[in-house]
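**Q** For the sequence shown, our numbering assigns the number 36 to the initial residue and increments by one for each residue that follows.
Built from N, CA and C at the ideal position, the CB exists for glycine as well.
Predicted model, so just to flag it, every value in this text is computed and none were measured.
My structure is below; once you've seen it, I'll send some questions.
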Amino acid sequence: MDPRRSHWESSSEDVTRPLLPLHDDDGAAGRRSCAALRSLLANKYLAVASGPVACALICGLVDLGGHRAARNMLGVLAWVFLWWITDAVPLAVASMAPLFLFPVFGISSSDAVAKAYMDDVISLVLGSFILALAIEHYNIHRRLALNITSLFCGDPVKPPLLLLGICGTTMFISMWIHNTPCTVMMMPVATGILQRFPRVDGASSSASSAADAREVQRFSKAVVLGVVYASAIGGMATLTGTGVNIILVGMWSTYFPEQPPITFSSWMSFGLPLALVLFVALWATLCVLYCSKNTGRELSAYLDRSHLRRELSLLGPMAFAEKMVLAVFGGLIVLWMTRSLTDDIPGWGSLFHGEVGDGTVTIMMATLLFIIPSGKNDGEKLMDWGKCRRLQWNIILLLGAGFAIADGFRASGLTDILSEGLGFLRGAPALAIAPVACVFSGAITEFTSDDATATLVLPLLAELGKSIGVHPLLLMVPGAVGAQLSYLLPTGSPGNVVGFSTGYISIKDMVIAGTPLKIVGVAALTILLPTLGSVVFGMDQKL
């Protein structure tokens, strides 16, 4: 062998040997980088960092004319809002952030921000949640649903009438408890009926059977959409139905404490007619889109009134505990409706010189649930604290954060600065601004929760109303109603997620059915607010 070749080969081996582990090191480094990136995304470290980074950028780069507190408030708002929309931390934790951010950034004192987390409005929500848990624990919602659904089922099955019964039941329940728990409670009732229907698959024995199954599946979409939307619509009718209405009441009393408050009865006088218009639109939309002349014939093979009555009989007669919970709930509704009536008939609230609020009686009646015996075991009460473990503290803390942010807007002067930037709307007609405010709020609410939307939009609309010389409720009410018109995407509300997770509906179904409802909602608000709303809220009077 040529010695030169031998030397070259040995030299090549010497050179190439160390190159192999270098390539392995590069691959290992790449894998470690990918693993680190996956870890960052899985643990939401980037989302967690987005809030402080956005706050730091705003505080360091934004100049609001020397208004340091307003600039800091804007940075804190970005921090909290990013944590809300990215789920960087649990919703309840993100909602507690103002408790330490406001004092640290000099926006307000620790005592001032803490007081926003517990007032009469929060008491109203807390008591309502306890009552909702009692209703769910004793299966009262299921008994009511089966009674009304069997009443409307028809013999033979009439799909439009059945839809009316299911949606009407859901709307009625949602009027008195938060719409998210209502959706969670009613969806199993709806899906329990739908489980008797066949699913469309590729193994159908004939084309006709596949067509029949698709007809039934179209009706299944209508039932799920009906529960989701009826829950949102029912919550619009009363103060206890959704957090948005509570946020509106709290911000109205915060920004305009000298004005008459929005009471349970006054809001229901306006919200119920608006909800009824939307409910009729919902029912008509579902019937047109998902019910045909063959739907009733196909449903009769799987569902009849005897099935519903059989399920109702399995619940047995109404027990003493159920009757007592209904009595407490009915008494609370009467107290809500009669606390403040008219100028001539002031209501029972005048006996206490206006010191008693809706939250006062809600907590009082909820307390009775822990005192009245259940009639089952010795010493057992209707409710105990163990049954309250599923209280939605995240919603309560979210409402508190909303009120704290509203106070921060006002205390820091940020609302004044933002309202000055909207001065170009001063000459616009008020009736044109109201639907624009509703559409603006309705667009934002499709991508974030309705409560978060109301928290961000309502302070701006309150200041805008003062700056352009119109009654603030002419803008705040459209903003609150628009925040509840989250009908197009699953991200719009937790109730949408509950319906979407059943697998019966798609985003396309929500867009097709939700768009007409959104249009009707804006149109109904445009008509009812300057007419009925002017009388109910006294918007014809100068502030």
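#1: Does the beta-carbon of HIS388 have 16 or more other beta-carbons within 10 angstroms, so that it is buried, or is it exposed?
#2: Is the segment 254 to 263 close to the segment 463 to 481, with three or more CB pairs under 8 Å?
#3: So PHE187 and LEU199 are in contact, right, with Cβ under 8 Å, and what is the actual spacing, rounded?
#4: In angstroms with no decimal places, state the Cα-to-Cα distance between GLY351 and PRO195.
#5: By how many angstroms is the C-alpha of SER409 removed from the C-alpha of GLN230?
#6: First and last residue of the alpha helix (DSSP H) that includes TYR290?
#7: Would you mind stating whether THR4 and THR226 have Cβ atoms separated by less than 8 Å?
#8: By how many angstroms is the C-alpha of GLY141 removed from the C-alpha of MET153?
#9: Are the C-beta of ALA169 and some C-beta of chain B separated by less than 8 Å?
#10: Less than 8 Å between the beta carbons of LEU309 and MET271, yes or no?
#11: Can you tell which of VAL557, LEU432, ARG424, LEU260 has its C-alpha closest to the C-alpha of GLY538?
#12: Roughly how many whole angstroms lie between the Cα atoms of PRO223 and ALA248?
#13: Please return the same chain residues whose Cβ sits closer than 8 Å to the Cβ of LEU434, not counting the five positions on each side in sequence.
#14: Select from MET303, PHE438, LEU126, LEU524 the residue whose C-alpha is nearest the C-alpha of ALA147.
#15: Helix, strand or coil for LYS193, going by three-state DSSP, please let me know.
#16: Is the number of C-beta pairs between the segment 285 to 302 and the segment 487 to 507 that are closer than 8 Å three or more?
#17: ILE165: which of LEU552, THR397, ILE406, ALA559 sits nearest, CA to CA?
#18: The alpha helix (DSSP H) with GLY18 in it runs from where to where?
#19: Note down the Cα distance separating SER375 from THR395, rounded to an integer number of angstroms.
#20: What's the gap between the Cα of SER476 and the Cα of LEU334?
#21: What are the residues that DSSP puts in a beta bridge with PRO408?
#22: Helix, strand or coil: how does DSSP classify ILE562 here?
#23: Exposed or buried, which one is SER46 when buried takes at least 16 other CB atoms within 10 Å?
#24: Which residue wins for smallest C-alpha separation from GLY421, given the options LYS150, SER145, SER144, ALA169?
#25: With H, G and I counted as helix, E and B as strand and the rest as coil, what does DSSP make of CYS473?
#26: Hey, MET108 and LEU499 are a contact pair by Cβ (cut 8 Å); roughly how many whole angstroms apart?
#27: Would a C-beta distance cut-off of 8 Å place GLU481 and LEU509 closer than the cut-off?
#28: Whether or not the segment 78 to 98 and the segment 113 to 128 are in contact is what I'm after, with contact meaning three or more pairs of Cβ atoms, one per stretch, closer than 8 Å; do they touch?
#29: Quick check on ALA559: buried or exposed, where buried means 16 or more other Cβ atoms within 10 Å of its Cβ?
#30: For ALA238 and GLU250, I'd like the C-alpha separation in whole angstroms.
#31: Use the C-beta contact count for GLU357: other C-beta atoms within 10 angstroms, 16 or more gives buried, fewer gives exposed.
**A** Quick answer:
#1: exposed
#2: no
#3: 6 Å
#4: 29 Å
#5: 34 Å
#6: 278 to 290
#7: This structure leaves residue 4 out entirely; the chain is present only between 36 and 578.
#8: 21 Å
#9: Here there is only one protein chain, and chain B is not present.
#10: yes
#11: LEU260
#12: 21 Å
#13: VAL156, ILE157, VAL160, GLY278, ILE281, ILE282, GLY285, ASP486
#14: PHE438
#15: coil
#16: yes
#17: THR397
#18: Residue numbering for the chain in the displayed model covers 36 to 578; residue 18 lies beyond these limits and cannot be assessed.
#19: 14 Å
#20: 39 Å
#21: LYS416
#22: helix
#23: No answer about SER46 holds up, because its pLDDT of 44 lies below 50 and its placement is not dependable.
#24: ALA169
#25: helix
#26: Going by Cβ atoms, the distance from MET108 to LEU499 rounds to 18 Å, so no, they are not a contact pair.
#27: no
#28: yes
#29: buried
#30: In this prediction, ALA238 scores a pLDDT of 47, lower than 50, which makes its location untrustworthy; the coordinate-derived value is nonetheless stated afterwards. Taking the straight line from one Cα to the other gives about 16 Å.
#31: buried
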